[in-house]
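Numbering (the working numbering), first residue to last: 4 to 329. Using N, Cα and C, we set each Cβ at its ideal position, and we do this for glycine too. Have a look at the structure below, then the notes.
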């Protein structure tokens, strides 16, 4: 159990800097890209040609890569769950409409909302997707919620979002890279823009952790240790298709992402190692005895995970997702 009063005091202090955080890590609405910037324009004379090109290139994408794109889209579309979760963490006052942490969450949500909007429209237009099945999975994912092990602790939640936003950046960036290699430059551009957003958001949450480490290092270290012992689960870990139980589809999706090298066990280790470096975990001093032990555990963890990952094999058998038209 954590000291809620200390958390509230730290969050209150950092909340005074939220306007600076927004200016540093978010983009004004009038300047940021919108989904329609990258989709065929139905009012254009070239719409039919642009649509045919989009559909042709989508048909050529490898199965596992296309599945990963769909799963990434569904993950983005479950945004209502993420916003409602963050609004409930200790230190966030939803009545602070114009400033404070609630303002950050709303602005962050507004940027994130464009990702699912863009990719969902792309999937709808591409002609390769059973949209009803995708919509069922999305509805289930929002309905089922998530269990990410953070409770309402802001420290654990900022550890989680630092990791998750980085992982999302990796996934979108890789899908874009592989799409470009297959000649699908427009999809590559879409994924690249989304990945850039995720990189900015990851930088923000990493900075929040850095600031808390300056104010309450021992407790933040203990929160970091706790999250890594539990293992960081992705927000769509309860993903399912029609007729399935919550979480039944996640393993198949993870295998597909691993097979096409979009997001792998090695990426998980690399992200952890980068966070340890970013936050200078090895060099933190003036820690409690428990925090020192947490520090030792965290610094040894990448090598331990490396040994485990090297022994794990990914199934070669492709699962037939209902999302894709046969």
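>> Here's the rule: buried if 16 or more other CB atoms are within 10 angstroms of the residue's CB, otherwise exposed. What is residue 159?
In response: It is buried - the Cβ of residue 159 has at least 16 other Cβ atoms within 10 Å.
> Looking at the structure shown, is residue 327 part of a helix, part of a strand, or coil, going by DSSP?
Replying inline: Strand.
> Going straight from the alpha carbon of residue 239 to that of residue 144, what length do you get?
Replying inline: Those two C-alpha atoms are separated by around 7 Å.
> By DSSP, does residue 236 sit in helix, in strand, or in coil?
Replying inline: Note: residue 236 maps to coil in three-state DSSP.
> Out of curiosity, what's the CA-to-CA distance linking residue 111 and residue 211?
Replying inline: The C-alpha of residue 111 lies about 14 Å from the C-alpha of residue 211.
> Over what stretch of residues does the alpha helix (DSSP H) that includes residue 216 continue unbroken?
Replying inline: Residue range 188-218 is occupied by the alpha helix (DSSP H) that includes residue 216.
> Does DSSP put residue 132 in a helix, a strand or coil?
Replying inline: Per DSSP, reduced to three states, the secondary structure at residue 132 is strand.
> Which of the three DSSP states, helix, strand or coil, is assigned to residue 51?
Replying inline: Of the three classes helix, strand and coil, the one that applies to residue 51 here is helix, per DSSP.
>> Considering only the alpha carbon of each residue, which of 39, 91, 60, 149 lies closest to residue 123?
In response: For residue 123, the nearest C-alpha among the options comes from 39.
>> Please give me, in chain order, every unbroken run of the beta strand (DSSP E) with length at least 3 that falls completely inside the region 105-185.
In response: If we require 3 residues or more, the region 105-185 turns out to have no beta strand (DSSP E) run fully inside it.
>> Checking 8 Å against the spacing of the C-beta atoms, do residue 175 and residue 207 come in under that value?
In response: No, they are not a contact pair.
>> If you measure between the beta carbons of residue 189 and residue 52, is that distance less than 8 Å?
In response: Not in contact: residue 189 and residue 52 (Cβ atoms no closer than 8 Å).
> Where do the N-terminal and C-terminal ends of the alpha helix (DSSP H) with residue 268 fall, by residue?
Replying inline: Where residue 268 is concerned, the enclosing alpha helix (DSSP H) stretches over 268-281.
> residue 168 and residue 217: beta carbons closer than 8 Å?
Replying inline: With respect to the 8 Å criterion, residue 168 and residue 217 are not classified as neighbours on the basis of their beta carbons.
>> Classify residue 74: buried if its beta carbon has 16 or more other beta carbons within 10 angstroms, exposed otherwise.
In response: Answer is buried; the Cβ neighbour count reaches 16.
> Cα separation between residue 181 and residue 327?
Replying inline: Rounded to the nearest whole angstrom, the CA to CA distance from residue 181 to residue 327 is 19 Å.
>> Can you tell me whether residue 317 is buried or exposed? The criterion is at least 16 other CB atoms within 10 Å of its CB, across all chains shown.
In response: Counting Cβ neighbours within 10 Å, residue 317 comes out exposed, since fewer than 16 surround it.
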